[in-house]
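Numbers in my numbering are just positions in the sequence shown, counted from 1, shifted up by 336. The beta carbon of each residue, even a glycine, is placed where N, CA and C say it ideally should be.
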Amino acid sequence: MTRQNKIDPEIPPTKPGDWTGAAVRLPGQKTPSPGAMEFHLFQSSVDRTLFIATDGADPNQLLPCPNGGTWTFFKKFPETGQSRIAFSEPDAKRDIAERGFHLTRAGVKVASSQ
């Protein structure tokens, strides 16, 4: 096996935040059909571990970004019912229905309606 000496532009290196919202699939587990909701994930410009999820609404109209930052679009993905990294679909759906947004921190849930 040869060591890779340069970065392949087709497969760039990743950062931990790149995995936020990624579906967790176990070997042999089938990919479920997408659900009704499409989550839009935005990242804080000053705290790269803080994310806000909406159903497509502008998060800046729903909740000011802490510490003078702005919410910047990160990614969107459909509801699948699968486990996700740093993101709980059931909690997000409930919070979005109640407040219009769901906050999450990479690996730690920030806000939830109890």
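- DSSP places A389 inside the beta strand (DSSP E), whose first and last residues are 386 to 390.
- Taking the C-beta atoms as reference points, H438 is found no nearer than 7 Å to A372.
- For Q379, the three-state secondary structure derived from DSSP is strand.
- Classified as buried, A428 has 16 or more neighbouring CB atoms from the shown chains inside 10 Å of its CB.
- By the Cβ rule, the region 393 to 410 does not count as touching the region 418 to 427, because fewer than three pairs are nearer than 8 Å.
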